[in-house]
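In the working numbering, the protein residues as written are 100 to 411.
One structure below.
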């Protein structure tokens, strides 16, 4: 397979997943604000903190409120991780490898891009922001299903799967960081009903509330952290993503003995081993933000290894 084709398919999938997760970030924050008790600080600045793009935001926006953060994360064409930028990049990558995609998949990407682009060009916030972001999420789910149902599950599909899951693992960890930054100014609220509400909102943000409740009757911080990071059966948990990235890497390498194939695989195996040996109580005791920060560095290192091995 040509490295150019593999790279475009990989990034197409990553950008689609990025758009979906950014929409999830904003949607869950909108819902959290609606449920916030009076007098509690709104979580818009913590959302920007969790993205790691504070400086980029502050250059263009004076205050972190609902309107400015929504515009920044959804419609800002200068922001590399906004929904509109991610979809534009996904569409361009899809166009360059159109012969590797089904017509249904390309049409779905095109349709989603034009849906968001139309809203971006209007210059006003959507009449129903939660409905708008929920529609983006549903479009992305539909595209994932179309790719799985219409692509041969060959090397090209494994590059798409790897890109999607690597992006998902990173964003799942960042959603946890939203909770960390939200709690910073209100440590006294730990263990209260407000605290439970925040953890519940995070579970909804990964569509995991029902799955979590089937396993745990109570909302507990250690159980939620375990579900986000260490659960090997829920599709949006970090460990699930890492184990399936490992499977796709093995399929891509096949029986190759070239040592260059082993670098990304060794990094993934190391992260998997670390997650399997770690307990949620230990993560909370030693620092959730610190653990998540190291995890994001691991994801970046895996991404660099994939790029150097297969794309350069």
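Just so you know, even glycine gets a beta-carbon here, dropped at the ideal spot from N, CA and C.
**Study point:** As assigned by DSSP and simplified to three states, the class of residue 228
**Key:** Counting from one through the chain shown, the residue named residue 228 turns up at place 129. Note: residue 228 maps to helix in three-state DSSP.
Review point. Would you report the Cα separation of residue 155 and residue 178, rounded to the nearest angstrom?
Key: For the purposes of this step, residue 155 is taken as the residue at position 56 of the chain shown. For the purposes of this step, residue 178 is taken as the residue at position 79 of the chain shown. Distance between the alpha carbons of residue 155 and residue 178 is about 8 Å.
Check your understanding: Run through DSSP, which three-state label would residue 110 get?
Key -> Mapped onto the chain shown, residue 110 falls at position 11. Correct three-state label for residue 110: helix.
Check your understanding: How far does the alpha helix (DSSP H) with residue 319 in it reach, from first residue to last?
Key -> Within the chain shown, residue 319 is the residue found at index 220, counting from 1. Taken as a continuous stretch (DSSP letters only), residue 319 belongs to no alpha helix (DSSP H), as it is neither H nor E.
Review point. Rounded to a whole number of angstroms, what is the C-alpha to C-alpha distance between residue 284 and residue 105?
Key: The residue you call residue 284 lines up with position 185 of the chain shown. The residue you call residue 105 lines up with position 6 of the chain shown. Any reading at residue 284 must be qualified, since the residue scores a pLDDT of 47, below 50, and its modelled position is unreliable; no value is offered.
Review point. When DSSP labels each residue in this structure, what does residue 305 get in the three-state scheme?
Key: Locating residue 305 in the chain shown gives position 206, where the first residue counts as 1. The answer is coil: DSSP assigns residue 305 none of H, G, I, E or B.
Check your understanding: Terminal residues of the continuous alpha helix (DSSP H) containing residue 376?
Key -> On the chain shown, position 277 is the one that residue 376 refers to. Segment 361-376, the alpha helix (DSSP H) holding residue 376.
**Study point:** Cut-off 7 Å between Cβ atoms - residues of its own chain near residue 212, not counting five sequence neighbours on either side
**Key:** Residue 212 sits at position 113 when you count from the first residue of the chain shown. Taken in chain order, the residues that qualify are 186, 187, 190.
Exercise for review: Go to residue 179, then tell me how far its alpha helix (DSSP H) extends in each direction, as first and last residue.
Suggested key: Taking the first residue of the chain shown as position 1, residue 179 is located at position 80. From DSSP, residue 179 is part of no alpha helix (DSSP H); its letter is neither H nor E.
Exercise for review: Please list, in chain order, all residues of the same chain as residue 295 whose beta carbon is under 7 Å from its beta carbon, the five residues on each side excluded.
Suggested key: For this step, residue 295 is matched to residue 196 along the chain shown. Excluding positions up to five away in sequence, the list reads 318.
Review point. Would DSSP call residue 222 helix, strand or coil?
Key: By one-based count along the chain shown, residue 222 stands at place 123. Coil, per DSSP.
Review point. Is the beta carbon of residue 320 less than 8 Å from the beta carbon of residue 383?
Key: Numbered from its first residue, the chain shown carries residue 320 at position 221. Numbered from its first residue, the chain shown carries residue 383 at position 284. Against a cut-off of 8 Å, the Cβ pair of residue 383 and residue 320 comes out as a contact.
Review point. Between residue 126 and residue 239, is the Cβ-Cβ spacing less than 8 Å?
Key: Here residue 126 corresponds to residue number 27 of the chain shown, with the count starting at 1. Here residue 239 corresponds to residue number 140 of the chain shown, with the count starting at 1. No; because the gap between Cβ atoms is not below 8 Å, this pair is not in contact.
Review point. Where residue 50 and residue 100 are concerned, what is the direct C-alpha to C-alpha distance, given to the nearest angstrom?
Key: With the chain running from 100 to 411 in the structure shown, residue 50 is simply not present.
Check your understanding: Which word fits residue 376, buried or exposed, when buried means at least 16 other C-beta atoms lie within 10 angstroms of its C-beta?
Key -> Position 277 of the chain shown, counted from the first residue, corresponds to residue 376. Exposed, because fewer than 16 other Cβ atoms sit within 10 Å of the Cβ of residue 376.
Point to revise | Nearest-angstrom beta carbon gap, residue 268 and residue 337 [assumed within contact, 8 Å] | key: Counting from 1 along the chain shown, the entry for residue 337 is found at position 238. Counting from 1 along the chain shown, the entry for residue 268 is found at position 169. Confirmed, about 5 Å.
Check your understanding: Is residue 342 near the ligand FAD, judged by its Cβ being under 7 Å from some heavy atom?
Key -> The ligand FAD is not among the ligands present in this structure, which contains no ligands whatsoever.
Point to revise | Spatial neighbours of residue 401 in its chain, beta-carbon cut-off 8 Å, leaving aside the 5 residues before and after | key: Counting from 1 along the chain shown, the entry for residue 401 is found at position 302. 265, 344, 363, 366, 367, 370.
Review point. Residue 146 by DSSP, collapsed to three states: which one?
Key: By one-based count along the chain shown, residue 146 stands at place 47. In the structure shown, residue 146 sits in a helix (DSSP, three-state: H, G or I).
**Study point:** Own chain, CB closer than 7 Å to residue 219, minus 5 neighbours either side, in chain order
**Key:** Counting from one through the chain shown, the residue named residue 219 turns up at place 120. Closer than 7 Å at Cβ, skipping near neighbours: 174, 183.
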